[in-house]
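Enquirer: One structure coming up, written as C-alpha cells, with questions to follow.
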Amino acid sequence: MGIVALVTSGKGGAGKTTITVNLGATLAQKGARVCLVDFNMGLRNMDIYLGMEDCSLFDLGDVLTGVCKVEKALVRDERFGRLYMLPCPQFKEINGVTAQHVAGLFAVLKKNFDYILVDMPTGIGQTMENAASAADIGIVVVTPDYVSLRNADTVDRKLDVCGLKRRCYLINQVDLELLRSRSVPGIEHIARNMSTPMAGIITWDENIHAGNNMGSPVVLASDSYIAKNFSSIALRIF
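In the working numbering, the protein residues as written are 879 to 1116.
Next comes the structure, spelled out in C-alpha cells:
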C-alpha cells in the first residue's frame, strides 16, 4: 500500500507546488511509483510546473463526480520514470465532495502507487479536513517571514486536530543575505515555533523559479546541489 502525503502551507506563495513537484520527481527518479495530485480546485498550476498544460483530457473533478475512473485522468511524465499527475479542474470548483469521496480516491491510488503527494489549497478549510482524515503524512511549507510562520503553525495544529499525527515542515525560499541581516525570522526561531520536526531547508535559487516557468522541475539536473538536497529531504520524510 502506498503513502499519502499532504503538502500544504498557511500562506500563499510559500512554494508548496514547487515542493510537491520536485519531491515527487525525486522519488520517481529513485524508482518509486509516484502520483502527484493537484487539489487546488479551480486554481490548478501543477500542470504548468510540469510542462503538461495540454496533456490532460479528464481531471480530478471528473473522477470525484464519477465521469471517469482514476486511470483515465492520470497523465504520465516520462522524464521521471513512473511519475503521474492527476490534475484538477481549472475554472470550476466541485461541490459536495466529502471525506468519504477523498478517502475512496486515496484508497484507489494507494493500490497503484508507492507515494501519493497531494498539493493542497493554502490555509485551512473543509478540503483540508477531508484530506487529512485519510492521509498518512502532513508536510507544511513555511518561508522565513512572520506571517508565513504564524499561519504555518495554525495549519499544523489543524492537521493535528484532524488526526494526522505524522507531520513535518520544510523551510523554503531561504535568502541567506536576509538571514544574515536578521531582517527575517531565523532558522532557530522558526524551529522554536513549530512543534514538528524540520525535514529540510531550501534556499532561494533562480533556477527553481525558472524551472517552474519552463515546465522543467529543477531536479532534472540530478547532479545539482538542489537535486541532492531534495533527495536528502525525501529520505528524511519517507
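Backbone N, C-alpha and C define an ideal beta-carbon position, used for all residues, glycine too.
The structure displayed is predicted, hence computed values, not measured ones.
(1) For R843, count the other beta carbons within 10 Å of its own beta carbon; 16 or more makes it buried, fewer makes it exposed. Which is it?
(2) Based on Cα-Cα distance, which residue from L952, T898 and G891 lies nearest to L983?
(3) Taking C-alpha atoms, which residue in T1081, D1083 and L1048 lies nearest to I1068?
(4) Using the beta-carbon count (16 or more within 10 Å), is P1022 buried or exposed?
(5) Taking DSSP's pairing of strands, which residues face D916 in a bridge?
(6) Quick one, which of F936, E1084 and S1073 has its alpha-carbon nearest G1016's?
(7) Under the rule that 16 or more other beta-carbon atoms within 10 Å means buried, what is R1045, buried or exposed?
(8) Who pairs with L1054 in a beta bridge, going by DSSP?
(9) Have a look at F969 and K889 and give me their C-alpha separation to the nearest angstrom.
(10) Select from T886, A1010, W1082 and K988 the residue whose C-alpha is nearest the C-alpha of T898.
(11) Can you tell me where the alpha helix (DSSP H) with S1026 in it begins and where it stops?
(12) Look at L884 and Y993 and say whether their C-beta atoms are less than 8 angstroms apart.
(13) Counting beta carbon pairs with one atom in the segment 961-977 and one in the segment 912-930, are three or more of them shorter than 8 angstroms?
(14) In this structure, does DSSP put T1005 in helix, strand or coil?
(15) Going by DSSP, what residue range makes up the alpha helix (DSSP H) through D992?
(16) Helix or strand or just coil, what does DSSP make of D940?
(17) So what does DSSP say about R954, is it helix, strand or coil?
(18) Once DSSP output is grouped into helix, strand and coil, what is the label at S1102?
(19) In chain order, what residues of the same chain lie with their CB nearer than 7 angstroms to the CB of P957, ignoring the 5 residues before and after it?
(20) Here's the rule: buried if 16 or more other CB atoms are within 10 angstroms of the residue's CB, otherwise exposed. What is G939?
(21) With DSSP as the reference, label G929 as helix, strand or coil.
(22) Please list, in chain order, all residues of the same chain as I1080 whose beta carbon is under 6 angstroms from its beta carbon, the five residues on each side excluded.
Expert: On the basis of the data shown:
(1) Residue 843 is absent from the structure shown; the chain starts at 879 and stops at 1116.
(2) L952
(3) L1048
(4) buried
(5) D997
(6) S1073
(7) buried
(8) Beta-bridge pairing links L1054 to no other residue.
(9) 22 angstroms
(10) T886
(11) Y1024 to V1039
(12) no
(13) yes
(14) helix
(15) Here D992 belongs to no alpha helix (DSSP H), and DSSP marks it neither H nor E.
(16) helix
(17) strand
(18) coil
(19) Before going on, a small fix: residue 957 reads as Arg here, not Pro. L1098, listed in sequence order.
(20) buried
(21) coil
(22) N1050
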